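Working notes, structure below.
There are 2 protein chains.
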Amino acid sequence: MSGSRHDTPALTARLDDFLCFSIYAAEHAFSRAYKPLLAEIGLTYPQYLVMTVLWEEDDQSVGQLGTKLSLESSTLTPLLKRLEAEGLLTRHRDKQDERVVRVKLTQPGDKLRNRAAKIPACILSASGMSLDELGKLRDQITQLTKRLEEAV
Amino acid sequence: MSGSRHDTPALTARLDDFLCFSIYAAEHAFSRAYKPLLAEIGLTYPQYLVMTVLWEEDDQSVGQLGTKLSLESSTLTPLLKRLEAEGLLTRHRDKQDERVVRVKLTQPGDKLRNRAAKIPACILSASGMSLDELGKLRDQITQLTKRLEEAV
DNA sequence: AACGATTAAATCGTATACGATTAATTATCG
DNA sequence: CGATAATTAATCGTATACGATTTAATCGTT
Chain A
1 MSGSRHDTPA LTARLDDFLC FSIYAAEHAF SRAYKPLLAE IGLTYPQYLV
51 MTVLWEEDDQ SVGQLGTKLS LESSTLTPLL KRLEAEGLLT RHRDKQDERV
101 VRVKLTQPGD KLRNRAAKIP ACILSASGMS LDELGKLRDQ ITQLTKRLEE
151 AV
Chain B
1 MSGSRHDTPA LTARLDDFLC FSIYAAEHAF SRAYKPLLAE IGLTYPQYLV
51 MTVLWEEDDQ SVGQLGTKLS LESSTLTPLL KRLEAEGLLT RHRDKQDERV
101 VRVKLTQPGD KLRNRAAKIP ACILSASGMS LDELGKLRDQ ITQLTKRLEE
151 AV
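Structure follows, in structure tokens:
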């Protein structure tokens, strides 16, 4: 057996040991869990996140959305154009500062909130966890994210 | 105030309340934390995950890799072709079953493991958590993923 | 052996996602 | 006031990622 490349397993952690991979897998799982629910209202998962930010606070700039979602304009611009083409929002240059593009919900975009309202409960139920457990887990992950961002 | 669209905030959970968003953000943070480290060895984050699976066990089919990473062949095939073009692995049809493509590390691909070996420790340090905390968090997330997958 | 069902990858179209660059506008400082 | 710096989106090139379809090979049943 000596000399085989499998003599030194300690060099490579097993994928299942990686916290980053558990997050990667969970992200996939969430995306898949949301997909059928979002398909009913014609949104993708990232589009749903953008709409959620706008339902929370309307009339935000591309930059504000990017900060909240950790996304670049190179990602947001095409995504927002698709939502605009769907008639869910408008994009207009800010009169005071023409560099800024302000994103506003249309009436259909605002109305969609009602149809999306039941989705979080579906996911909660699918997760099989209590609101309390979920909140604790969320806070731990958020703190981890904060530390990773500080370290970079 | 009555009649404003902001009368019913309960309809829309705040984005920060979403566990799914904390995972989404953590996935981004991990990806960004890994990026400079992986750039040194010329890998992207998904490519690193594939290589990790192969370092763990060489000579796997595209399907096996897909199962372990929750990825479709439509994602893996182009990714594997890039790694093949880099000379890190080979792709060959299985002699016993020509439907199957077996992926094997080349010597450079195997050697890369040594250069990648220090990366997990860097991330661990950046996360600012103990191995024990990390393990507990990982197990909770893995369980959550399992439940979400079962519910779909 | 034969033929329909199943399986494994690959392909295609669409949608993120990011870094680097560009374009347009605004701020700043001499 | 005017040149330069800084800011904001948009654009471009590359790399995931998935669903649906296609292709090729194998399996199952008769």
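Those sequence lines, one after another, are chains A and B. The working numbering puts the first sequence at residues 1 to 152. The working numbering puts the second sequence at residues 1 to 152. Glycine included, each C-beta is placed from N, C-alpha and C at the ideal position. These numbers come from a predicted model, not from an experiment.
Output yes or no for whether 8 Å exceeds the beta carbon distance between Leu105/B and Leu89/B. Locating residue 105/B in the second sequence gives position 105, counting from the first residue. Locating residue 89/B in the second sequence gives position 89, counting from the first residue. Annotated as proximal: Leu105/B and Leu89/B, with beta-carbon spacing under 8 Å.
Quick one: is Gly135/B buried, meaning 16 or more other Cβ sit within 10 Å of its Cβ, or exposed? Along the second sequence, read from residue 1 onward, the residue named residue 135/B stands at position 135. By the beta-carbon neighbour count (other beta carbons within 10 angstroms, threshold 16), Gly135/B is exposed.
Tell me where the beta strand (DSSP E) around Lys35/B begins and ends. For the purposes of this step, residue 35/B is identified with residue 35 of the second sequence, where counting begins at 1. Here Lys35/B belongs to no beta strand (DSSP E); instead the alpha helix (DSSP H) covers 19-40.
Under 8 Å, do Leu124/B and Ile41/B count as touching if we go by C-beta distance? The sequence position of residue 124/B within the second sequence is 124, counting from 1. The sequence position of residue 41/B within the second sequence is 41, counting from 1. Result no, Cβ atoms of Leu124/B and Ile41/B do not sit closer than 8 Å.
Within the same chain, show all residues whose beta-carbon is closer than 8 Å to that of Ser2/B, passing over the 5 residues directly before and after it, in chain order. Along the second sequence, read from residue 1 onward, the residue named residue 2/B stands at position 2. At Ser2/B the pLDDT is 41, less than 50, meaning the model places this residue with poor confidence; the figure from the coordinates comes in the next sentence. Scanning its chain for C-beta atoms nearer than 8 Å, with the 5 sequence neighbours on each side dropped, one finds no residue around Ser2/B.
Can you have a look at Glu27/A and say buried or exposed, based on whether 16 or more other CB atoms are within 10 angstroms of its CB? By 1-based counting over the first sequence, the position of residue 27/A is 27. By the Cβ neighbour-count rule, Glu27/A is buried, with 16 or more other Cβ atoms within 10 Å of its own.
Are Leu83/B and Val53/B close, meaning C-beta to C-beta below 8 Å? One-based indexing of the second sequence puts residue 83/B at position 83. One-based indexing of the second sequence puts residue 53/B at position 53. Contact annotation: Leu83/B and Val53/B have beta-carbon atoms that are not nearer than 8 Å.
Distance, Cα to Cα, Tyr48/A vs Val103/B? Residue numbering aside, residue 48/A sits at position 48 when the first sequence is read from its first letter. Residue numbering aside, residue 103/B sits at position 103 when the second sequence is read from its first letter. Taking the straight line joining both Cα atoms gives about 37 Å.
Within 8 Å (strictly less), CB to CB, does Gln140/A reach chain B? The residue given as residue 140/A occupies position 140 in the first sequence. With 8 Å as the cut-off, Gln140/A counts as an interface residue toward chain B.
Should Leu49/B be flagged as near chain A, meaning a C-beta pair shorter than 8 Å? Against the second sequence, residue 49/B aligns to sequence position 49. Closer than 8 Å to some Cβ of chain A, the Cβ of Leu49/B qualifies, so yes.
Considering only their Cβ atoms, is the gap separating Thr44/B from Leu37/B smaller than 8 Å? Taking the first residue of the second sequence as 1, we reach residue 37/B at position 37. Taking the first residue of the second sequence as 1, we reach residue 44/B at position 44. No, Cβ-Cβ distance for Leu37/B and Thr44/B is not below 8 Å.
In this structure, does DSSP put Ser74/B in helix, strand or coil? Position 74 of the second sequence holds residue 74/B. Helix.
Could you pull the DSSP bridge partners for Arg91/A from this structure? Taking the first sequence and counting its residues from 1, one reaches residue 91/A at position 91. Looking at the DSSP output, Arg91/A bridges to Val103/A.
Give me the subset of the segment 59-71 of chain B whose CB atoms are less than 9 Å from a CB atom of chain A, sorted by chain position. In summary, the residues of the segment 59-71 of chain B whose CB is separated from some CB of chain A by less than 9 Å are Lys68, Leu69, Ser70, Leu71, in the order they occur in the chain.
Using a 10 Å radius around the Cβ and a threshold of 16 neighbouring Cβ atoms, would you call Ser74/B buried or exposed? In the second sequence, residue 74/B corresponds to position 74, counting from 1. Exposed is the call here.
Please determine, among Met129/B, Arg32/B, Lys81/B, the residue with the shortest C-alpha to C-alpha distance to Glu72/A. The residue you call residue 72/A lines up with position 72 of the first sequence. Closest option to Glu72/A, Cα to Cα, is Arg32/B.
Determine whether the beta carbon atoms of Leu15/B and Glu133/A lie at a separation below 8 Å. In the second sequence, counting from the first residue as 1, residue 15/B sits at position 15. In the first sequence, counting from the first residue as 1, residue 133/A sits at position 133. Contact annotation: Leu15/B and Glu133/A have beta-carbon atoms that are not nearer than 8 Å.
On a Cα-Cα basis, can you pick out the residue from Asp94/B, Thr67/B, Pro46/B that is closest to Leu80/B? Stepping through the second sequence from its first residue, residue 80/B is reached at position 80. For the residues Asp94/B, Thr67/B, Pro46/B, the minimum Cα distance to Leu80/B belongs to Pro46/B.
Interface residues of chain A facing Gly87/B [CB-CB closer than 7 Å]: Position 87 of the second sequence, counted from the start, is the residue given in the question as residue 87/B. None at all; the shortest Cβ gap to chain A is about 17 Å.
Measure the Cβ-Cβ separation of Ile141/B and Phe30/A and say whether it is below 8 Å. Locating residue 141/B in the second sequence gives position 141, where the first residue counts as 1. Locating residue 30/A in the first sequence gives position 30, where the first residue counts as 1. Phe30/A sits away from Ile141/B, with the two beta carbons spaced by 8 Å or more.
8 Å Cβ cutoff, Ser74/B in contact with chain A: Position 74 of the second sequence, counted from the first residue, corresponds to residue 74/B. No, Ser74/B lies away from the interface with chain A (no Cβ there is under 8 Å from its Cβ).
Closer than 8 Å to chain B by CB, Val53/A: Working through the first sequence from its first residue, we reach residue 53/A at position 53. Yes, Val53/A lies at the interface with chain B (some Cβ there is under 8 Å from its Cβ).
At a Cβ threshold of 8 Å, is Gly42/B touching chain A? On the second sequence, position 42 is the one that residue 42/B refers to. Chain A contact via Cβ: absent.
DSSP puts Gln60/B in a beta bridge; with which residues? Counted from its first residue, the second sequence places residue 60/B at position 60. DSSP, once it has assigned bridges, lists Val103/B as partnering Gln60/B.
Tell me which residues share the same chain as Ile119/A and place their Cβ nearer than 6 Å to its Cβ, disregarding the 5 neighbours each side in the sequence. In the first sequence, residue 119/A corresponds to position 119, counting from 1. Result list for Ile119/A: Leu37, in chain order.
Since Ala117/B is in the alpha helix (DSSP H), which residue starts that stretch and which ends it? Position 117 of the second sequence, counted from the first residue, corresponds to residue 117/B. Here Ala117/B belongs to no alpha helix (DSSP H), and DSSP marks it neither H nor E.
If we ignore side chains and look at the alpha-carbon of each, how far apart do Arg126/B and Lys95/A end up? For this step, residue 126/B is matched to residue 126 along the second sequence. For this step, residue 95/A is matched to residue 95 along the first sequence. It is worth fixing the name first, because residue 126/B is Ala in this sequence and not Arg. If you take the alpha carbons of Ala126/B and Lys95/A, they lie about 43 Å apart.
Going by the CB atoms, is the gap between Ala25/B and Thr145/A shorter than 8 Å? On the first sequence, position 145 is the one that residue 145/A refers to. On the second sequence, position 25 is the one that residue 25/B refers to. If you check the CB distance, Thr145/A and Ala25/B come in under 8 Å.
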